[in-house]
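**Q** Start counting the sequence shown at 47; every next residue gets the next number (this note's numbering).
Idealized CB from N, CA, C, for every residue including glycine.
These numbers come from a predicted model, not from an experiment.
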Amino acid sequence: MSKTILITGASTGIGKLTAIYFAEKGWNVSATMRTTEKGRGLLKYSNLKVFALDVMDETSISQAIDATISAFGTIDVLFNNAGYGLVGAFEAMSQVQIKKQFDTNVFGVMNVTKVILPHFRAKKSGMIINTTSMGGLITFPLYSVYHSTKWALEGFMESLQFELKQFNIKVKNIEPGAIKTEFENAIDFVSTKDYDNYTIQAHKNMLDTYKTAPTGEVVAKKVWQAANDNTYRLRYAVGGQGPILLFMRWLLPLSWFTKMVSSQVEKGIKY
Ligand SMILES: NC(=O)c1ccc[n+]([C@@H]2O[C@H](COP(=O)([O-])OP(=O)(O)OC[C@H]3O[C@@H](n4cnc5c(N)ncnc54)[C@H](OP(=O)(O)O)[C@@H]3O)[C@@H](O)[C@H]2O)c1
């Protein structure tokens with residue numbers, strides 16, 4: 047019998063390409079998104095259904111999970127993927143912007159995970175895969191709030207795996223480097239004149255890394271590996287400079303690593 051994956055944020059980028067990858071491999075796919083019209087192109091796959099799900103709306107989460115189980119009989123893998131980046135000068139960010147970043151990237155993941163757990167426990171199997179980021183284990187300038195959401199996810203999932211093992215529920219974090227998706231266009235960039243001298247150039251330097259970044263297909267393949275390797279491995283680095291940067295962070299003293307990041311991202315900035 048075919049397995050079933052429910053994906054959040056499947057309208058574009060990594061989520062969409064993962065939906066296509068799994069559908070083409072014969073899995074049943076519940077491609078969930080805030081605006082279902084964006085999923086029209088996915089409906090050519092007979093084993094893929096599109097459902098409305100906003101990770102900040104608990105009713106839509108329950109409805110999408112129920113609809114997926116009605117359509118396919120079960121859910122084997124939850125792929126928590128929806129997210130976006132709030133980027134810039136922390137001092138210039140409003141409470142509303144910071145709260146929305148956490149509501150989407152952290153509480154959104156907790157919301158969906160909480161609703162699916164009774165289903166996984168009842169059948170004594172399941173898997174939660176999350177798109178965290180290399181930015182869940184290392185940091186760059188201007189991403190302080192985004193990083194804090196992804197670091198929160200890394201800690202949340204690293205701990206959660208313990209209590210879920212007894213129910214045969216696996217937890218896996220996918221940690222992409224820079225990937226060419228809609229992510230860079232969806233960035234909420236914040237600055238003020240007091241910070242512009244720094245933020246504008248540093249933001250440009252960060253965005254330059256996307257020019258040579260791979261597409262989301264490399265991440266889709268890593269999600270496929272995580273879903274099928276039959277291990278309790280937690281972390282999967284993938285894409286662009288992500289794996290090498292994570293290795294260097296592990297190898298080098300933090301002060302050296304910070305200098306290396308600064309020499310790249312702060313290039314051209316004069317104090
Ligand atoms: N691209 C990168 O370089 C990179 C690197 C590391 C990690 N990531 C992470 O990868 C994940 C996917 O991002 P992406 O690169 O594929 O970017 P993307 O193309 O912008 O996709 C983001 C997806 O999240 C959805 N989304 C945002 N807020 C949502 C909400 N409240 N409820 C449901 N869906 C919501 C978007 O839906 P709409 O179409 O409705 O806006 C979209 O489908 C994110 O968690 C991101 O942080 C990306």
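Could you pull the start and end residues of the alpha helix (DSSP H) that I290 belongs to?
**A** Per DSSP, I290 belongs to the alpha helix (DSSP H) from G288 to L297.
**Q** Reducing DSSP to helix, strand and coil, say where Y256 ends up.
**A** Looking at Y256 - three-state DSSP - the assignment turns out to be helix.
**Q** Here's a check: name, in chain order, each residue in its chain whose Cβ is nearer than 7 Å to the Cβ of L89, leaving out the five neighbours to either side.
**A** Only V96 meet the Cβ criterion.
**Q** For A77, list the residues DSSP reports as bridge partners.
**A** Partner(s): I53 and V96.
**Q** Just to check my reading of the structure: E320 and T58 have Cβ atoms closer than 8 Å, yes? What is that Cβ distance to the nearest angstrom?
**A** The requested residue 320 is not part of the displayed model; the chain covers only 47 to 317.
**Q** Would you mind stating whether E151 and I53 have Cβ atoms separated by less than 8 Å?
**A** According to the sequence provided, residue 151 is Asn. The question's Glu does not apply to it. Their beta carbons are not under 8 Å apart, which means N151 does not touch I53 by this criterion.
**Q** Please report the Cβ distance between M173 and K216, rounded to the nearest whole angstrom; I am assuming they are in contact, meaning their Cβ atoms lie under 8 Å.
**A** Confirmed, about 5 Å.
**Q** Whose CA, out of G182, E70 and Q147, lies closest to the CA of G129?
**A** It is Q147.
**Q** List the endpoints of the continuous alpha helix (DSSP H) containing M203.
**A** Here the alpha helix (DSSP H) through M203 covers S190 to L210.
**Q** Taking 8 Å as the threshold (C-beta atoms), are S179 and E221 in contact?
**A** Contact flag set, yes.
**Q** Per DSSP, what are the beta-bridge partners of G61 in this structure?
**A** G61 is not bridged to any residue.
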